[in-house]
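Numbering (full-length UniProt numbering), first residue to last: 1 to 331. Where a beta carbon is used, it is the ideal one built from N, C-alpha and C, also for glycine.
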């Protein structure tokens, strides 16, 4: 069994990746119901936390049904990161995760996220200080390196482990790649195969089919898969991967009725958590995948993603349920 600190997370755990404006409590709840073993919050700015910024503080909301749940923070200033650990601890997560992988310019320009890949010594020092500052397991999410010429992930992972990192999730791209090209899992396997490594090594990037998850386990020998974009608007992905791993066969995709029910619940939970305006707006990104594959659907999708009021979105869902009743999805 794989463990993060003392937390048993299963044989080959599936982790919901931290994604800005995606992995909020409503979506995490849906993914947990469908088999996600560990879920992470959206990444939270350490500077925002210590300034008590409303958006950052709101992201600390976690619920018992989500456990084990990790709160992810990012930053590059030692004092701010240590203060944020204390704030995060008070929210009662199971895991504290450090984001050393976000490639977005506004994060990187401050030396945080993937920006810290230019200063591995600081990356290690921050991790060591945070490990010493909390009793919770501290994990890291990062990338292969800053660019193709600076990939030292085997050495980096070993150093992070040596200062107390409890697990590491590695995205198979460099910062320079952003999300372009194919993820390269071979360097992640090199980390796992390093005889000095004993903490879990999770792979991330392009885990977009059940077969790819099995490949990550069987061919690359990793300890688990962190799933990001494949789950957006499709929380059933976790269930499908587990079914395929257990049986070697693909399970039937969710029915129209199941998709409509999940979309309704998702929207209502989002409104309950963040209010009408944000709830409606931030759920839009999920609808394409909820209803992917339906022919002649553009008119209905436009209703879902352009309506500003929840009653109009719910009405659109009612119409979709009526118009496409019995529609059979294919894999």
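Cβ neighbours of residue i in the same chain (closer than 7 Å, five flanking residues each side left out)
i	result
residue 237	227, 230, 231
residue 19	42, 228
residue 324	256, 294
residue 163	124, 127, 128, 131
residue 160	124, 127, 140, 168
residue 292	none
residue 241	14, 210, 213
residue 191	153, 154, 157, 170, 197, 201
Residue burial classification, residue i (beta-carbon count within 10 angstroms, cutoff 16)
i	result
residue 75	buried
residue 59	buried
residue 17	buried
residue 330	exposed
residue 302	exposed
residue 333	Examination of residue 333 is not possible in this model, given that the chain is present from 1 through 331 alone.
residue 328	exposed
residue 326	exposed
residue 172	buried
residue 1	exposed
residue 196	exposed
residue 315	exposed
residue 113	buried
residue 275	exposed
residue 277	exposed
residue 306	exposed
residue 86	exposed
residue 55	exposed
Straight-line gap, residue i to residue j (C-alpha atoms, nearest Å)
i	j	result
residue 273	residue 5	31 Å
residue 220	residue 322	45 Å
residue 94	residue 262	27 Å
residue 168	residue 199	8 Å
residue 208	residue 290	15 Å
residue 25	residue 149	38 Å
residue 234	residue 285	11 Å
residue 110	residue 296	45 Å
residue 7	residue 38	10 Å
residue 223	residue 299	43 Å
residue 203	residue 71	19 Å
residue 73	residue 100	9 Å
residue 64	residue 90	15 Å
residue 259	residue 247	24 Å
residue 12	residue 135	25 Å
residue 216	residue 61	32 Å
residue 23	residue 40	7 Å
residue 116	residue 155	15 Å
residue 133	residue 211	40 Å
residue 170	residue 15	12 Å
residue 288	residue 304	9 Å
residue 225	residue 218	12 Å
residue 122	residue 92	27 Å
residue 147	residue 21	26 Å
residue 118	residue 245	38 Å
Close-in-space but distant-in-sequence residues of the same chain around residue i (CB under 8 Å, 5 per side omitted)
i	result
residue 351	The requested residue 351 does not occur in the structure, where the chain is confined to residues 1 to 331.
residue 129	78, 81, 82
residue 152	120, 145
residue 138	95, 96, 97, 98, 127, 130, 131, 164, 165, 166
residue 243	210, 249, 250, 251
residue 194	154, 157, 158
residue 338	Nothing about residue 338 can be read from this structure; the chain reaches only from 1 to 331.
Any non-hydrogen atom of the ligand FAD closer than 7 Å to residue i Cβ
i	result
residue 269	With respect to the ligand FAD, the structure shown offers nothing to examine, as it has no ligands at all.
Proximal residues to residue i (C-beta, below 6 Å), its chain only, five neighbours per side dropped
i	result
residue 279	270, 271
residue 183	172, 173, 205, 206
residue 46	73, 75, 80, 81, 84
residue 9	2, 37, 38
Next on the checklist: I'd like to know if the segment 296-315 and the segment 266-274 are in contact, where contact means that at least 3 CB-CB pairs between them fall below 8 Å.
Outcome noted: Segments in contact, yes.
Checklist entry - What are the uninterrupted segments assigned as beta strand (DSSP E) that are 3 or more residues long and contained completely in the segment 80-119, given in chain order? => result Every beta strand (DSSP E) stretch that sits fully inside the segment 80-119 and reaches 3 residues is listed by chain position as 95-100.
Checklist entry - Should the segment 160-178 be regarded as contacting the segment 103-114, the criterion being three or more beta carbon pairs within less than 8 Å? => result Yes, the segment 160-178 touches the segment 103-114.
Item to check | Cβ contact (3+ pairs, closer than 8 Å) linking the segment 183-201 and the segment 21-37 | outcome: Look at the beta carbons and you see the segment 183-201 not touching the segment 21-37: under three pairs across the two are nearer than 8 Å.
Item to check | Unbroken stretches of the beta strand (DSSP E), 3 residues or longer, contained in the segment 202-266 | outcome: Those beta strand (DSSP E) runs which fall completely within the segment 202-266 and span 3+ residues are 224-227.
Checklist entry - Is it true that the segment 42-57 meets the segment 246-260, where meeting means three or more beta-carbon pairs spaced less than 8 Å apart? => result Touching, no, given that fewer than three Cβ pairs across the two stretches are closer than 8 Å.
Checklist entry - Could you give the uninterrupted runs of the beta strand (DSSP E) lying entirely in the segment 17-45, keeping only those of 3 residues or more? => result The DSSP assignment places 38-40 as complete runs of the beta strand (DSSP E) inside the segment 17-45, in order along the chain (cut-off: 3 residues).
Item to check | Whole alpha helix (DSSP H) elements within the segment 142-174, 4-residue minimum | outcome: Runs found: 153-162.
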